[in-house]
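For reference, the structure is listed below as structure tokens.
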Amino acid sequence: MTAGICLYFHVHQPMRLKRHSVFAPPNGGSFEDEIFDARLSREYFERAAAKCYLPTNAALLELIGETGLKVSFSVSGVFLEQAMRWQPAVVESFRKLAQTGNVEFVNETYYHSLSSLWWDKREFREQVLMHRNAVESLCGNAPTAFRNTELLYSDDIAAEAGRLGLGTVLAEGADRVLAGRSPNFVYSAAGTNGKVKVLLRNYRLSDDLGFRFGARGWPEWPLTADKYADWIAASGGDTVNLFLDFETFGEHHWAESGIFDFLRRFPKAAGERGLVFRTISETARDCPSAGELSVPSVVSWADAERDASTWLGNRIQQHAFSELMKARPEADGPALAAHRMLQTSDHFMYMSTKGMGDGEVHKHFSPYKDWGPYENYINFMNSLSSFRRKAVGKEVLVR
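Under the working numbering, think of the first position of the sequence shown as 709, with each following residue one higher.
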């Protein structure tokens, strides 16, 4: 079988929280008006649309026509709502990609939430089904593959995906999970009788592009498409799974870095080395299983630990998450939508107390550069109090 590349992009933008003061009275508006900062969120979204989403989708559409490139996406429901509201052209650009037949859109949690880590999986299942409907509306087909929020994965999560009819799940190719094996093969999820396949991110090659591309102090800088294709061709196995934030193109690495020139050259460079591009589902279908993969405890694609500690690693994060889930409304409607928006993983990442490189990454993505984790915790809890006041008439303010 010809060795392949599975190129997958994750697309998400959170709704940012307002700066909440314990002394400010409620404004009497909607849940969104009182809790979320639409102005700041729109500012972030429109910048990313101009720098990344629109130019990158245009480049991909051109490359599909020229080279037959195949790619896969997961696009959060939170992202789609913002795109339809502020940049409908972004939604249309994704629809055009879907219409080529060379692009697969996969399932995730609608609100890019941590619901898979809650003891009651009802919320997780409901969000996955919500997102399934959103993807079908976007591209006309119901997804059959699944990428959990932040690539959070375990045997239990794979089993839940299987019960929802999803036959392929993405995961991080963490060293402790592989125990000496290669991420460049397809595996079967433990406990699913071979019904759920697992595709593992090759984190070294993915991070070479996602994180190190523009690092002038990196010994391999500048990274050219031909050099990168050589590395992939020499890495062995059936498939090299490159899982990346979509904002790698134009946002994390600006156009001036040469990232778009790299993208335009990469498919041809790969083809010249006998490599073929496959979507996620094609990879799971065409590559034989290299055996069962058991992952008893949660892994993710974040930080050096590659576990859930980025979001739930300290007491303030754990307290915030517990209080949030206890406040879940039973009835559908604006209150439940607001509660789910508060579940978005980004809010919990801003509360991380990790230091060194991981901490710098978290601060980079925080919308409040002058705040540390404790200020973000206080603001989140006051946001939750605003939610409770409107939803159930209760509040617990944090000073």
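C-beta: ideal position from N, C-alpha, C; glycine also.
Report the option in L1020, R840, L771 whose CA atom is closest to the CA atom of V1007.
L1020
Reduced DSSP category for V1100 - H, G, I as helix; E, B as strand; rest coil
coil
How many angstroms separate the CA atom of G979 from the CA atom of R973?
10 Å
Along the beta strand (DSSP E) that carries A897, what are the first and last residues, could you check?
894 to 897
What residues in its chain sit with their C-beta under 7 Å from that of W794, if we drop five residues either side in the sequence?
R750, F753, E754
Any chance the stretch 858 to 865 sits against the stretch 873 to 892, with 3 or more Cβ pairs inside 8 Å?
yes
Counting pairs of beta carbons, one from the stretch 1019 to 1034 and one from the stretch 908 to 918, are three or more of them closer than 8 Å?
no
Would you give the residue range spanned by the alpha helix (DSSP H) that S749 belongs to?
746 to 756
What three-state label does DSSP hand H839 in the structure shown?
helix
Using the C-alpha atoms, what's the distance from D946 back to A842?
32 Å
Go ahead and label R747 buried or exposed: buried means 16 or more other beta carbons lie within 10 angstroms of its beta carbon, across all protein chains shown.
exposed
Between which two residues does the beta strand (DSSP E) holding L952 run?
947 to 953
Tell me T1052's beta-bridge partners as DSSP assigns them.
S821
CB M1059 to CB N1084, shorter than 8 Å?
yes
Nearest neighbour of A933, chosen from P975, A850, H961 [CA to CA]:
P975
Those runs of the beta strand (DSSP E) which lie wholly inside the stretch 897 to 967 and span at least 3 residues
905 to 909, 947 to 953
Assigned secondary structure, L983 (DSSP; H/G/I helix, E/B strand, else coil)
coil
Near F854, what residues of its chain come up, given a Cβ to Cβ distance below 8 Å and the 5 sequence neighbours on each side ignored?
V814, N815, E816, V836, A869, L872, L874, T876, V877, L878
In the DSSP assignment, the alpha helix (DSSP H) including H1027 goes from what residue to what residue?
1023 to 1034
Check whether the stretch 710 to 725 touches the stretch 1045 to 1057, taking contact to mean three or more Cβ pairs, one atom from each stretch, closer than 8 Å.
yes
Cβ-based burial, P996 [other Cβ within 10 Å; buried from 16]:
exposed
My output table needs one value for N856: the three-state DSSP class, helix, strand or coil.
coil
For V1100, count neighbouring C-beta atoms within 10 Å of its own C-beta (all shown protein chains included) and say buried if the count is 16 or more, exposed if not.
exposed
7 Å Cβ shell around T900 - same chain, five flanking residues per side excluded:
A866, A867, G870
Roughly how many angstroms separate the alpha carbons of G888 and G902, rounded to a whole number?
21 Å
Just to confirm my understanding: we take E1000, look at its own chain, exclude 5 residues before and 5 after, and list those with CB closer than 6 Å. What are they?
S896, A898
With 16 as the cutoff for other CB atoms within 10 Å, does S729 come out buried or exposed?
exposed
Whose C-beta lies closer than 7 Å to the C-beta of A756 among residues of the same chain, with five residues either side of it excluded?
Q721, E955, E959
Taking just the CA atoms, how far does I940 sit from A767?
22 Å
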